[in-house]
Structures are given as C-alpha cells and as structure tokens.
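Top to bottom, those sequences are chains R and L. Under our numbering, read the first sequence as residues 70 to 342, first letter to last. Under our numbering, read the second sequence as residues 2 to 964, first letter to last. For every residue, glycine included, the Cβ atom is placed at its ideal position computed from N, Cα and C. Just so you know, these numbers come straight off a predicted model, no measurement behind them.
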Amino acid sequence: SLAVKILLFYVIFYGCLAGIFIGTIQVMLLTVSEFEPKYQDRVAPPGLTQVPQVQKTEITFTASEPRTYEVYVRNLDNFLRDYSAEQQTENIVFQDCGDTPTEYKERGPYNDAQGQKKVCKFKREWLENCSGISDPTYGYKDGKPCILVKLNRIIGFKPQAINESLPPEVMAKYNPNLIPVHCVAKREEDADKIGTVEYYGMGGYPGFGLQYYPYYGKLLQPRYLQPLVAVQFTNLTYDVEVRVECRAYGQNIVYSDKDRFQGRFDIKFDIKS
Amino acid sequence: GLSSARAAEILARDGPNALTPPKATPEIVKFLRQMIGGFSILLWIGAGFSWISFGIQLSQGTDSAFDNLYLGVVLALVVILTGIFAYYQEAKSTNIMASFSKMIPQQALVLRDAEKKELPADQLVVGDIVEIKGGDRIPADIRLIFTQGCKVDNSSLTGESEPQSRSCDFTHENPLETRNIAFYSTTCVEGTATGIVINTGDRTIIGRIASLASGVGNEKTPIAIEIEHFVWLVAGVAISIGVLFFIISVSMRYKILDSIIFLIGIIVANVPEGLLATVTVSLSLTAKRMAKKNCLVKNLEAVETLGSTSIICSDKTGTLTQNRMTVAHLWFDNQIYSADTSEDQTTQPFDQSSPSWTALSKIVTLCNRAEFRPGQENLPIMKRVVVGDASETALLKFSEVILGDVMSIRAQNKKVAEIPFNSTNKFQLSIHETDDPHDKRFLLVMKGAPERILERCSTIMINGKEEPLDNEKAEAFQTAYMELGGMGERVLGFCHLYLPENEFPESFQFDTDSMNFPTSNLCFVGLLSMIDPPRSTVPDAVSKCRSAGIKVIMVTGDHPITAKAIAKSVGIISATSETVEDIAKRLNIPVEQVNRREATAAVVNGMELKDMSSEQLDAILREHAEIVFARTSPQQKLIIVEGCQRQGAVVAVTGDGVNDSPALKKADIGIAMGIAGSDAAKNAADMVLLDDNFASIVTGVEEGRLIFDNLKKTIAYTLTKNIAELCPFLIYIIASIPMPIGTITILFIDLGTDIIPSVALAYEKAESDIMNRRPRNKRKDRLVNHQLAVYSYLQIGIMQSVGAFVTYFTVYAEQGFLPSTLLGVRVNWENTNINDFEDSYGQQWTYYQRMYLQWTGYTAFFVSITIQQVADLIIRKTRRNSIFQQGLFRNKVIWVGIFSQIGIASILTYGLGHVTALNFTPLRFQYWFVAVPFAILIWVYDEIRKLLIRRYPGSWWDKNMYY
C-alpha cells in the first residue's frame, strides 16, 4: 500500500503540474494573435532562397543523363504546381495585379474581420524557358540549368526598392517598384566561367514586384504566391565548380556575414560533360 | 668526548639526530587524485566523447564539428580548474599545520675534541657527551653519568604528570623504568646532568613510537564517505539515464553520432560540476570560523567529523582541568570551607573572621619557599609565574589573593631557620620572628602530610584557642581528612608553635641539623586541600555534550579517586549516578553481588583494563553511560578508542603526548592540544585546540553539525536544477523539438550563477538547537538520503522544468512558432540546407535565423532556471521550519547570492549576448518574469510541505518529504 500511496501522490502531483502547464500555455496563447506573430526581430530581414532545394548548396549533374538531374526537375515541378494557370482560376482568391511592378497592395488590418485576403496572381509563363511549360527539364537536359529565386515570406514585410547606386547591370531594367535580383560569380576568377545569365520574372522584369507585398500570413492568404525570378545559366563552363552568388536588392534587404542566406545566397554548379 | 672526525663518521653512518617526518604523498599524486576524483571521471568521459564526435564530424565535413571540440575543451578545463581549486584548498589547510612543526632549531651542549661546544641537536651522534640543565629539552636518548637534583618531565612519553628524578643508578631492566636514562624530546625540569648519547633520531624511544603511529591507518572521514556516496548516487543517475536514452535514441533511429552527443549533454546536465568545489569552500569557511573559536582544523573534512562525533575520549589534565594546583578546601575550627577555584579569582568568599584562620594563614604564608618571579606586579595573581613546586605555588597564590603582599609579610616575619620538605620527614618547617615588635617569641610553623603533622601535635586550635587534642577531636580530623582525600584532593596539614621566650631568647641560634628546638607537642591548626580544578567552562560544555547525545569518557593517567572527583565535578559522572563500588558501599554488600546494570557510571583502572578481553571492554563501554579510565597508559588509550569504534561510534580523542599519537591517528578525529601538545601529537591529529580547552571542542561539534545540515541544503539546492537541465535533453530526444538549452549554457549555470548562492547556504543559521539532538547515525543519516534526492529531482526539479518550458514555449510562440508546430521539427530545424523553414504563420526562416532563435530559447531557459533557483535558494534555507520563522534577511550572504545570481545572468545575457560561441542572446525584459509564478509556486509548495511536516510528525508525509 505504501507503493500505491506514493504512486497516487505522484499521479496527483504530476496531474496538477500538467494542468498548470497546459493552463499557462493556454493563457500565453491567448495573448498571441493568430494572424501575425508578436515579434519578428528574429525572422527579418528576410532570407533569399532558391528552388531546387539542394544538399550543400550544390547543383551537379550530367546533361546527357536525365537520372542525374531528375531530382532537381521533380523539385521544381512540385514547387511550380501552385503557379500553374489552372490553380489560379478562382477569382474570389486571386486578383490580377498587372504585368508590371506597381505599388504595395495594402489589404486592410491583419485580422479576419473582412474574411480572407485576396492574393496576386503570378503567371507561370513569366518564367519563360524556366517555366517548365516548353521545356519540362527546365534547361537541365541542355546543360543550361534554371533556378528559381524567392524572397522568404515575412508577414507585413514591405521590401523597399533602391533607386540609386546599384551596379549598372542590375539597373538595366529599372522599375521603381521592383526588387531586382542579380547573380554574379562568387569569386572574381570565376567571372568568365559563369557565362550569360538570363532572368525571367513578372512581365520580363528580373525581380519581385512590390504589389505582392505585404504578405498577410497563412491564415488570411492561404494560397499566397510569392513572386519568383527564374535565373538560367546558359553558358556555364563544364567540369569545374562555379560558385554563383545571387542577391536581392532593397533598402531593407541587408546581408550578414553570419547568416549567408539573408538577402542573398550562393550556389555551386558542377556540370559534367 | 668524541673527536669531530669520529663524530662526522658516525653521523654519516647513522644520519642526523632527527625524526623522519611522516612520508608525505607526492604533490603530483595529490594533484592527479583531484583530477580523477569525484565527478571528474564522468566529465573526462564527456570530453572524450566530444572529441570523438569532433573527429567523426570533421572527417564528414560537418560545419558544426568545432562546437564539439570546444565543448570537449571546456569540459576538460572544468575538470582541471576544479581540480586545481580543490588542490589549492587542500594545500592551504596543510600549510597552516606546516607552520607548526617549524621550530627554533634546538641546541645542545656537547663535549667534542675535549671542548664544550653548542651544536644543533640534529648533529648529535651516539657516544657524544652532552650536558643538560633545568629547562632544556633532552636532545637524544642519553644514559646519565652525572646528576645533580635532576628531574625530568616524561609526560609526553609516558603520561606521568609528576616530574621524575633521575640519577646515575641502574634501577630497572626496562629502559622506560630505569632512573639513569633520559629520553629524547622530554624536558629536564630542574637540576643538571651529564650523559652519553645512546640512541639518536628514529632509533630513540620516541622515534619508535612515532613510526608506530604512522603505521596506524588513517580512516576515511565520515563526510568523505558521505560525499563518495553522493557522487555514486549522482553518477549512477547520470549513467543510467545516459545509457537509457542512448538506447532510446538509437532505437528511435537517431544516428549513433547524434546519440553520443545527446549522451554528452545528459552527462553534463546531470553532473553538478561546481558542487564539489562548493563543498570545499563551505568546509573551509567553517574551518575558518572554527579557527576563530580556537579549533584549528588540519584536514578540512574533519570539520564535519566533529559534528558527527558520538564519543569524546578526553584527557583530564589541562583539557578538563586548569593544569595547576589550586587550594580547593580548608578545614579549621572543625569545619570544612570551600575555596574558589575559578581561573580568575581575586577574592575568597569563605568566612575569614575566625582567629584560627589568622593563625592558619600565617603558617600558609610563612612555611612556603615559593616566590613570584619579579616584575609581574601588573599581572593578575593567578597568571603570575612562580618559582617553586605545584603545591607551594598553589599556597602562595592562595595567600596572595587573601592577604595581599605575601613577600612583605614574609619580610616582617623574618625567617631564622628552615628545614625543606624531604620524603623521609614528609614535613617542611621554618622558624620566624613575629611581626609584633612587643612579642619577642619565635614562631615555628610546619606543614606536611596530615597524619605526620597530627602525630607531632598535642593540642588543636578551635576558634583561636588551643584545646587538648583528645580522641574526639582526632576523630573529627580523620573524618575531614578522609572526606577531602575522597574528593581526590591533595591534603596538607598545618601546625605551629610559639617557642617560649625564656628557652629561646632573641639571640638563640637554631641549628637545623641537630634540631635544637621542639618538633612535637605542637598545636594543630588546620588542613588545606588542593586539586587541579576543572576549567570553569567545562561543566557547561560537558552538559552540552550530554544533551547533544555525546558520551564523554575521561581517560587519564591520574589516580582513580582524583579522576572520579574531577569527573564528578565536571559532570562526566553525574551527581546521581553510582559506580558498582558506590552501590556496594551503599548496600553494604560485596562488589561481586551488585547488579552491574544498575550502575550507570564506571571507573576503570588501567590495571584492570590490562587484564580485560576486548569483549569485556565492549561490555563496559556498552553498559555504562559514564566512564572514567584512570591510571591508563597512553598505549591503553588506543585500545579504548578501538573499543569505542567497535560500538559504531565516531570517536574524538584528545591528546598531547607523543604516546597519544597512535590513538590520535586511530580516532575518527584526533584532537591535539595546541599549548601542551607535542609536535608528534599535532602531526597525528586532525585538529588542534589552540587553548587546550574542552569547551572549544563543543563549539567545534556545533559547527560540525551545522555544516552537515547546511551541506544538505547546498546539495539539495544544486541537485534541483539538474533536472531542469536534463529534461530539455530528454524532451528534445523524445519530442524532437528544437533544443531548449545548450550544453555550454548548462555549464554557465553550474559554474556561474549557482556557485555563490550555494556557498551562501553555508552561512545559514541552525534551524533549531542542533545541540539538543543525538549525533547522526553514520549508517542511517546520510548526507544525501533518498528523500532529498526524490524531493529535489522529482518534485522541485520537475516544477522548475515546467516553469522553464513555459518560458521556452512563450519565446517561440511570440516569435512565430506555436507549441504545436514545434513538435517533431528537429530534423528539418537542424538541417542547414533548409533556409525557408515555415513557421506557424507561414513565414519562412533561414537556418541561422532559427539558430539565433534557438539561442534566444537557451537564454530564456537559462534565465528561467536562474529565477527559479532564487526561489529554490530561499526554500532551502530551512528543511523543517517556515522561512518566516528562520527570517528571510538574517543570513545576508543569501542575498549576496541572489544578487550575484541575477547579476551574472544579466551580464551573460546582455553583456556577452553578442559572443556567438557562448550561445547567449539579449533577451526581452519580460521573459525574465515568465517563470516568476512558478518560482512563487515552488515557495508556496515548499511552505506547505514544511507545514505538514511540522503538523504531522511521524506521518507518511513526514517520512517521505523530510530530507
């Protein structure tokens, strides 16, 4: 009976503790909004990432062997499924935001008083050669790999365009409502190995239009399409490792030495002939 | 004497005349022992695993490989630093003792090359002829070839307190008994002598005893046993949880390498890295406090041993008594008067109006050869140095206290003749002129053994009048003499005679050889009895010991009657208890018929002890509560100590002589006398009593008990947060949530915020009168019992974990990861290639952003543990009483601890929050308060626990919840 007594004591004791724990967590959750997080200082400024997602940031394949790039293609297919035209037909959800970058689209307060918020369409065709429509291998079979570049979603974050002092090649197709994306060789000695780089984005702009911002969160914009820029490397040198760094340019997009994915990322290409 | 060349030859053969110091453990061995003792092995294992995983990860090219290298280095550093610290503490306390043995090099007067030379005593060789005079230490074992009134004090060797006279005659086969040998390290009290060195260095009698002492093994101290027990317990928990979760994580398909890293975390979380250092500091704080109270502790662990002592075997002379003869009783006018025997007497309260007293005081003053050394007029009388033997000194001081300036009284009563005391006459006599200028008679005064004095008397003084000494009066004398003698006192008789003026005119020439004056038909005046009285603090101390459940056994070389009298007067034998002999006397039956169980007290003679088997000794120690061993040799002390230890007792032994050193070593705690003690005794002892006072032992016991209680509190405090450090790992493994706390962070708690508070508990006052409970049973009352472990681990520890997890979940939730999202995310969370990890709101996080959030989580968890440790610290102040009974502010050091805790946490969070390697980040201010309700909960819960313990003593709750 002694053991039973002790067991009983601990059942009650831990029962109470569990109750207190769950109770306090519930109380804490009451103070947290379901639409936007209380603090965002750890998640902002946003990271810049690419599709396909790869191990050790390295894309390596042989153009003549589909097996070697199959994984990248599948990854891109999966990602782009939501961007297909047939997925963007419901007018209740989607809104046509034009073909050129325009101002931010404010959609009212961050709550569901007016129901869900609309979402700007993003046309897959804009990605052209990298859309997977004309070339289902996204250029991999020709040794001209595409990657998709996207800015991490952050609720309420409004990236600000930079108007001056950008490298001329970035400014080539300037629009005041554009967050341009540009990729260069990471190391100067690789500059000649990277070859030509093609950018495909909304309306042909190499960047993200501001009308896609701000993001209203999973609950209010469950089918939000973050704007993409496809980057195709059409003339990469084969059989060497080429490191490429892509950056998004914006006043509130900053880079950090500690976080190598903040506002930029780098990726290695190693295409075997 | 020897020639220098020959002496050098012998010196080269025999070595210097000095005792080989006990073989010291080499410093490097001591140091290495600290490096592998206690938890160090576990931490080394942790460090080893860290390096192994570093090696594996490095070869796999993992980015974070170096984290494990650093962790291993940090763990190794922790072991080395705590090792150095413990070594330093140990060395510091040893150094105190080393200063003791440093003595002024002794010189000896030697005949070399037919010339008298002063040489250092260690240069003596066998065959040297040395000269000794009163006050010298004997420089080697010597055979005497010339003596003049030489007396030696052999007390350090044999325990005999009376000086022994030495001559050139061979009187006994046994070298210890014969009169013509003087021993190394004893002192020559008076006279001069010349002798031939027969033994030097370790070959002397003392040297042989000293080597015997080093042969007696040193027992492990009780606290060392307790700490070992505790280390095993914690290590057992650490290893079993570690292995269990290693198996769990392997079977949950974690990689072996990850499982090993978890194992390191579990070990680090479970091991209280700072605790052993804290214990050392607490013990040395107590040692310091005890040193202030005249107990100098040589071995830190002995601090606690004194607290668990259940039997004290105490010397009599000097420890229980003042070590000086003092007049205790007087008998005149058919009445016994008591004198004040306290250390600082300035007056004597007994009735001094009788003319008999006037006469007696005159005899006491005049028939006395002792004198004060000049130049001590400003010292209290009792402290002045006197030239003369012990009884004469007592009488001189006694009369000085009552009558004032004795020397001027003697000057007024000029001495004209004197016969000093000798053993055949057994009396001392002197003849004086009187101080009354009109009275031309001479006054003859005499003192001596009472029966011898009475023989010479025909009259007795009653109320100032001489009355014939009839049988009735002689009977009264006998009764008084027996009574005083029965109190163990040395009794002296006093008589006088005014010589008739006509027979002894002023010009009479007294001749002490032919004794041309009467030495019989004198007038008996009174008796004075003397004793070495107990120190005034001792009876109180003995009664404290008694209420503290400590048995005090007196072991003395003195006569049983004296021993018993002192034992009775200090309370070692209480007023109501009787020995077998007392009962026999009261009932008037033979000793054999007495029921031994009725006698609570026993006085055992050394001679009886010699014939006893160890079973008989055990029976005596078991059956009698109050025991006095009299006429014991120092060797028998060892037997008595062993007997006590067979009873399961923790035995403290006091001693001063060289011969005591085996007993001091054998005892659980040997206590040497700082003033009277020999170096050998001090070396063998664990503690030195600077004032030789028994009462100091009792304060030591109190401190020892207090530190035991307080160490319990310290350990309970420290163990609690181990669970709060461990739970994160376990839940991380099982629920795959992001890591709540880092290994480095844990080390910052264990070795940072928690250190000062846990030391602060050593300053806590006792909860109740710790001197009113029995000494702890070393088999049952453990330092860390299962109640302590269970209460700390399974109750308070779990509460802390809950509080810390609430903070953790709050931080994550407010940053976008609601608790439900966190479950099971570990693999993707820790994947460095995923830089768009989605939170509960659809936001995307890079790897580094997640890590930074994870460190914020570490910091929040750390801060929560710290905040709850404040509550833990406060509740640990008491184990039974309410905090409000104990007083929240009485122990100021606790508050230093609390502020240091919060201060260090703030510095780590805000000051070092930007050093990436430490994994601390600045934390929002409000997160410091998330755990506060849980801290309050801990306090309230513990108050309820204590309340129920106080309300329902002996209940199920009391048994399971009181640690």
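| Query | Result |
| --- | --- |
| Beta carbon proximity, Thr-126 (chain R) to chain L, threshold 9 angstroms | yes |
| Neighbour list for Ala-861 (chain L) in chain R, Cβ cutoff strictly below 7 angstroms | Result: empty, since nearest Cβ-Cβ is about 12 angstroms, beyond 7 angstroms. |
| Selection from L:Val-417, L:Pro-17, L:Gly-904, L:Glu-768 that minimises the alpha carbon distance to Thr-513 (chain L) | L:Val-417 |
| Exposure of His-251 (chain R), with buried meaning 16 or more beta-carbon neighbours within 10 Å | buried |
| Check whether Pro-283 (chain R) and Asp-840 (chain L) have beta carbons under 9 angstroms apart | no |
| Nearest candidate by alpha-carbon position, reference Phe-749 (chain L), set L:Thr-359, L:Asn-69, L:Glu-726 | L:Glu-726 |
| Segment contact, 8 angstroms Cβ cut-off, at least three pairs: the region 778-788 of chain L with the region 229-244 of chain L | yes |
| Length of the line joining the Cα atoms of Gln-869 (chain L) and Ala-805 (chain L) | 8 angstroms |
| Contact with chain L by Tyr-83 (chain R), beta-carbon distance below 9 angstroms | yes |
| Minimum C-alpha distance to Tyr-963 (chain L) - residue among L:Val-916, L:Arg-880, L:Val-897 | L:Arg-880 |
| Cβ shell of Gly-550 (chain L) (< 6 angstroms), same chain only, five flanking positions each side left out | Arg-775, Pro-776 |
| DSSP three-state assignment for Ile-130 (chain L), whether helix, strand or coil | strand |
| Between the CA atoms of Leu-117 (chain R) and Thr-833 (chain L) - distance to the nearest angstrom | 14 angstroms |
| Interface flag, Pro-934 (chain L) vs chain R, CB-CB below 9 angstroms | yes |
| Alpha-carbon to alpha-carbon, Tyr-792 (chain L) and Phe-82 (chain R) | 12 angstroms |
| Strand pairing of Asn-200 (chain L), partner residues [DSSP] | L:Asp-142 |
| Whether Ala-872 (chain L) touches Ile-945 (chain L) by CB criterion (9 angstroms) | no |
| Alpha-carbon to alpha-carbon, Pro-275 (chain R) and Thr-169 (chain R) | 11 angstroms |
| Burial state of Val-186 (chain L), where buried means 16 or more other Cβ atoms lie within 10 Å | The displayed chain sequence assigns Ser, not Val, to residue 186 (chain L). Classification of Ser-186 (chain L): buried, given that the 10 Å Cβ count is 16 or more. |
| Partner residues on chain L for Arg-222 (chain R), Cβ-Cβ distance less than 7 angstroms | Gly-843, Gln-844, Gln-845 |
| Classification of Leu-228 (chain R) by the beta-carbon crowding that lies within 10 angstroms, buried from 16 upward | One detail in the question is off: residue 228 (chain R) reads as Pro in this sequence, not Leu. Pro-228 (chain R) should be labelled buried. |
| Cβ separation of Phe-191 (chain R) and Thr-847 (chain L), assumed to be a contact under 8 angstroms, to the nearest whole Å | At roughly 22 angstroms, the Cβ-Cβ gap does not stay under 8 angstroms, so Phe-191 (chain R) and Thr-847 (chain L) are not in contact. |
| Span of the alpha helix (DSSP H), counted from its first residue to its last, around Trp-856 (chain L) | 848-876 |
| Straight-line gap, Phe-101 (chain L) to Asn-300 (chain L) (C-alpha atoms, nearest Å) | Only weak support is given to the placement of Phe-101 (chain L): the predicted model assigns it a pLDDT of 44, under 50, and the question is left unresolved by the model. |
| Close-in-space but distant-in-sequence residues of the same chain around Met-98 (chain L) (CB under 6 angstroms, 5 per side omitted) | For Met-98 (chain L), the pLDDT reaches just 49, beneath the cut-off of 50, and the residue's location in the model is therefore unreliable, leaving the point undetermined. |
| Identity of the residue in L:Thr-188, L:Tyr-255, L:Val-651 nearest Ile-312 (chain L) by Cα | L:Val-651 |
| Reduced DSSP secondary structure (H/G/I, E/B, other) of Asp-840 (chain L) | coil |
| Run of the alpha helix (DSSP H) containing Gln-886 (chain L), from where it starts to where it stops | 884-887 |
| Straight-line gap, Arg-111 (chain R) to Leu-909 (chain L) (C-alpha atoms, nearest Å) | 19 angstroms |
| Endpoints, the beta strand (DSSP E) within which Gln-108 (chain L) is located | 108-113 |
| Cα-Cα separation, Met-104 (chain L) to Leu-707 (chain L) | In this prediction, Met-104 (chain L) scores a pLDDT of 44, lower than 50, which makes its location untrustworthy; the coordinate-derived value is nonetheless stated afterwards. Met-104 (chain L) and Leu-707 (chain L): Cα-Cα distance of roughly 35 angstroms. |
| Proximity winner among L:Pro-356, L:Leu-20, L:Tyr-842, relative to Phe-813 (chain L) (alpha-carbon distances) | One point to set straight first is that residue 813 (chain L) is Tyr, not Phe, in the sequence displayed. The candidate whose alpha carbon is nearest that of Tyr-813 (chain L) is L:Tyr-842. |
| Stretch-stretch touch, CB-based, cutoff 8 angstroms, three pairs: the region 720-737 of chain L with the region 244-264 of chain L | yes |
| 7 angstroms Cβ cut-off: residues of chain R touching Gly-817 (chain L) | Pro-106, Val-112 |
| Under the three-state DSSP convention, the category Glu-159 (chain R) falls into | coil |
| Length at least 4, wholly inside the region 190-260 of chain R: the alpha helix (DSSP H) runs in chain order | 237-240 |
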